[in-house]
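For the sequence shown, position 113 matches number 113 in full-length UniProt numbering, and the numbering has no gaps at all. C-beta atoms are modelled at their ideal positions from N, C-alpha and C, and glycine is treated no differently. What follows is a set of notes on a single structure, which appears directly below.
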Amino acid sequence: MRVTNNMITYNFLTSLNKSLERQNKIQEQLTDGKQLHRPSDNPVKSIRALRANVSLVENEQYTQNLNDAISWMESTDSAMSNLSSIAIKFKELALSADGTKPPEAYKAIAAEMDGLINQAVTIGNTKLGDRYIFSGQQDKTLPFVRTDDTVTYYGDNNKISMQIKAGVTTPTQDSVNLTGAAIFGANNEMLQHMIEIKSQLETGTPDLNVVLNTGLTNLDVDSSKLLEAQTQLGARMSSYLLAENMLEKANVVITGDVAANEDLDIPKAIIDFKTSETVYKNALSVGAKIMPASLVDFLK
1 MRVTNNMITY NFLTSLNKSL ERQNKIQEQL TDGKQLHRPS DNPVKSIRAL
51 RANVSLVENE QYTQNLNDAI SWMESTDSAM SNLSSIAIKF KELALSADGT
101 KPPEAYKAIA AEMDGLINQA VTIGNTKLGD RYIFSGQQDK TLPFVRTDDT
151 VTYYGDNNKI SMQIKAGVTT PTQDSVNLTG AAIFGANNEM LQHMIEIKSQ
201 LETGTPDLNV VLNTGLTNLD VDSSKLLEAQ TQLGARMSSY LLAENMLEKA
251 NVVITGDVAA NEDLDIPKAI IDFKTSETVY KNALSVGAKI MPASLVDFLK
């Protein structure tokens, strides 16, 4: 077969353009340190990187849910500890009503108890951001309102759950909240028992059996329920903290996978670029020598 000048020129320029394309590709990679800019760069690595990035996005949402859930439970735990302290102080005041005091002393104790009841209601209305933590799913509604000696609950008894892993959440198991019933009882019994004791002492001539026997027994039961709910909350919080730790470790592995598939080996790329640049320049030099005239004609 006869080889013409045009064939030589065409083959040379085709080879030269491929060399230039490779050089430009490496230069593009060096610009941002990424080896993948389009699926055709490396189809297998592109698929792996895509899957890893999707997993990272999903885990980012799970991480946010975990952070929100843990913050919610920490606020709840702190509020319940404060309620337990109030219950202890209230029982101490009740025990001080030992039948040896004048009427004004009982009334003074009642006034202090009234302040503790108000504090308990305030804790029941604790907010995290703009959400009431003890209102159930009605978390934009003020849960507890005290009118004289009646406390009304306006929240609901529904659980709030946050998805922290792939799959279906179970509100009864994965709930992050406690409702009003969990802290004060289904009908605000704890607050009502406090009010009953306080009301006895306000008279100045209290029925000490109601105060020291029935009243304190009821408060002991209420405190035990409060502690039990707090313990269950602590167990759930521990599982969420463990899930957070596991998710952080998983993210480290996935981030490594992304880097392995996307990130450029800079030192190697620099060497490849220099090599490609040298090959391209040498090709230009050789081409100019073997076809000085035909190349100019072709380019015209």
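Legend entry - Integer-rounded CB distance, given that V221 should sit under 8 Å from A94: Along the sequence shown, read from residue 1 onward, the residue named residue 94 stands at position 94. Along the sequence shown, read from residue 1 onward, the residue named residue 221 stands at position 221. Going by Cβ atoms, the distance from A94 to V221 rounds to 14 Å, so no, they are not a contact pair.
Legend entry - Range of the contiguous alpha helix (DSSP H) that encloses T126: As a working note, residue 126 is residue 126 in the sequence shown. Careful: T126 lies outside any alpha helix (DSSP H) and carries neither H nor E.
Legend entry - V151, DSSP secondary structure in three states: Counted from its first residue, the sequence shown places residue 151 at position 151. V151 falls in the strand class under three-state DSSP.
Inset, instruction - List the whole-angstrom C-beta distance separating W72 from V176, where the pair is believed to meet the contact cut-off of C-beta under 8 Å. - result: The sequence position of residue 72 within the sequence shown is 72, counting from 1. The sequence position of residue 176 within the sequence shown is 176, counting from 1. Confirmed, Cβ separation roughly 5 Å.
Inset, instruction - Starting from the C-beta of P206, find all residues in its chain whose C-beta is less than 8 Å away, skip the five residues before and the five after it, and write them out in chain order. - result: Within the sequence shown, residue 206 is the residue found at index 206, counting from 1. If we look at P206 and ignore the five residues flanking it on each side, its Cβ neighbours are A97, Y106, Q200.
Legend entry - For I160, the nearest candidate out of I117, D149, N188, R131 (CA to CA): Counting from one through the sequence shown, the residue named residue 160 turns up at place 160. Of the candidates I117, D149, N188, R131, the one whose C-alpha sits nearest the C-alpha of I160 is R131.
Inset, instruction - Provide the residue(s) that pair with V145 in DSSP beta bridges, ordered along the chain. - result: In the sequence shown, the residue the question calls residue 145 occupies position 145. The secondary-structure analysis by DSSP pairs V145 across a beta bridge with T152.
Inset, instruction - Under the assumption that Q137 contacts D114 (Cβ atoms under 8 Å), give the Cβ distance between them as a whole number of angstroms. - result: What you label residue 137 is simply residue 137 of the sequence shown in a count that begins at 1. What you label residue 114 is simply residue 114 of the sequence shown in a count that begins at 1. Separation of the CB atoms of Q137 and D114 is rounded to 31 Å, and the pair is thereby denied contact status at 8 Å.
Inset, instruction - Starting from Y240, follow its DSSP beta bridges and name the residues at the other end. - result: For this step, residue 240 is matched to residue 240 along the sequence shown. Answer by DSSP bridge pairing: none, since Y240 is not bridged.
Legend entry - Straight-line Cα distance separating E202 from E58: Residue 58 sits at position 58 when you count from the first residue of the sequence shown. Residue 202 sits at position 202 when you count from the first residue of the sequence shown. Taking the straight line from one Cα to the other gives about 58 Å.
Legend entry - V54, buried or exposed, once every other Cβ within 10 Å from all chains shown has been counted against 16: As a first step, residue 54 is located in the sequence shown; it is residue number 54 there, counting from the start. Exposed.
Inset, instruction - Assign K198 to buried or exposed, taking buried as 16 or more other Cβ atoms, counted over all protein chains shown, within 10 Å of its Cβ. - result: Translated into the one-based positions of the sequence shown, residue 198 becomes position 198. When all chains shown are included, K198 counts as buried.
Inset, instruction - Could you please give the first and the last residue of the uninterrupted alpha helix (DSSP H) stretch that includes N59? - result: What you label residue 59 is simply residue 59 of the sequence shown in a count that begins at 1. Its alpha helix (DSSP H) spans residues 43-96.
Legend entry - Residues bridged to S175 [DSSP beta-bridge criterion]: One-based indexing of the sequence shown puts residue 175 at position 175. Bridge partners of S175 according to DSSP: S161.
Inset, instruction - Taking 8 Å as the cut-off, decide whether the C-beta atoms of Y240 and I47 are in contact. - result: Against the sequence shown, residue 240 aligns to sequence position 240. Against the sequence shown, residue 47 aligns to sequence position 47. Cβ atoms of Y240 and I47: not closer than 8 Å.
Inset, instruction - Please report how far the alpha carbon of N65 lies from the alpha carbon of V258, in whole angstroms. - result: Taking the first residue of the sequence shown as 1, we reach residue 65 at position 65. Taking the first residue of the sequence shown as 1, we reach residue 258 at position 258. Looking at the two C-alpha atoms, the distance is approximately 23 Å.
Inset, instruction - Look at the alpha carbon of A120 and the alpha carbon of L191, and state the distance between them as a whole number of angstroms. - result: Mapped onto the sequence shown, residue 120 falls at position 120. Mapped onto the sequence shown, residue 191 falls at position 191. C-alpha separation (whole angstroms): 8 Å.
Legend entry - Residue closest to residue 345, alpha-carbon to alpha-carbon, out of D149, K225, I123: No information on residue 345 is available, as it lies outside the stretch 1 to 300 that the chain covers here.
Inset, instruction - List the endpoints of the continuous alpha helix (DSSP H) containing S199. - result: Residue numbering aside, residue 199 sits at position 199 when the sequence shown is read from its first letter. Unbroken alpha helix (DSSP H) run through S199: 189-202.
Legend entry - Through-space distance from E196 to N213, alpha-carbon basis: In the sequence shown, counting from the first residue as 1, residue 213 sits at position 213. In the sequence shown, counting from the first residue as 1, residue 196 sits at position 196. Each residue's alpha carbon lies about 12 Å from the other.
Inset, instruction - Output yes or no for whether 8 Å exceeds the beta carbon distance between M80 and L226. - result: By 1-based counting over the sequence shown, the position of residue 80 is 80. By 1-based counting over the sequence shown, the position of residue 226 is 226. Contact check for M80 against L226 passes: the beta carbons are separated by less than 8 Å.
Inset, instruction - Check the C-beta distance from residue 365 over to F134 and give it rounded, since I have them as a contact under 8 Å. - result: The chain is shown only over 1 to 300; residue 365 falls outside these bounds and no answer can be derived.
Legend entry - Q230 burial status per 10 Å Cβ neighbour count (16 or more: buried): Position 230 of the sequence shown holds residue 230. Buried, by the Cβ-count rule.
Legend entry - Buried versus exposed call for V151 [16 or more other C-beta atoms within 10 Å across all chains shown]: Residue numbering aside, residue 151 sits at position 151 when the sequence shown is read from its first letter. With 16 or more other Cβ atoms inside 10 Å of its own Cβ, V151 counts as buried.
Inset, instruction - Measure the Cβ-Cβ separation of I164 and L116 and say whether it is below 8 Å. - result: Stepping through the sequence shown from its first residue, residue 164 is reached at position 164. Stepping through the sequence shown from its first residue, residue 116 is reached at position 116. In this structure, L116 does not lie closer than 8 Å to I164 by Cβ.
Inset, instruction - Give the straight-line distance between the Cα atoms of V252 and L50, rounded to the nearest whole angstrom. - result: What you label residue 252 is simply residue 252 of the sequence shown in a count that begins at 1. What you label residue 50 is simply residue 50 of the sequence shown in a count that begins at 1. Taking the straight line from one Cα to the other gives about 16 Å.
Legend entry - Inter-residue spacing [alpha-carbon to alpha-carbon] between M194 and Y62: Position 194 of the sequence shown, counted from the start, is the residue given in the question as residue 194. Position 62 of the sequence shown, counted from the start, is the residue given in the question as residue 62. One C-alpha to the other measures close to 42 Å.
Legend entry - Candidates F184, Y154, I183, D149, of which the one nearest A111 by Cα: In the sequence shown, counting from the first residue as 1, residue 111 sits at position 111. The candidate whose alpha carbon is nearest that of A111 is D149.
Legend entry - Cβ-Cβ separation, S84 to L128 (assumed contact under 8 Å), whole Å: On the sequence shown, position 128 is the one that residue 128 refers to. On the sequence shown, position 84 is the one that residue 84 refers to. Not quite, the Cβ-Cβ distance comes to about 19 Å (not below 8 Å), so this is no contact.
Inset, instruction - Taking the CB atoms as reference points, tell me whether M237 and D77 lie closer together than 8 Å. - result: Residue 237 sits at position 237 when you count from the first residue of the sequence shown. Residue 77 sits at position 77 when you count from the first residue of the sequence shown. Going by C-beta atoms, M237 is nearer than 8 Å to D77.
Legend entry - One or two residues paired with Y132 in a DSSP bridge: For the purposes of this step, residue 132 is taken as the residue at position 132 of the sequence shown. Beta bridge pairing from DSSP links Y132 with K127.
Inset, instruction - Output the boundary residues of the alpha helix (DSSP H) element that contains G180. - result: As a working note, residue 180 is residue 180 in the sequence shown. Residues 180-184.
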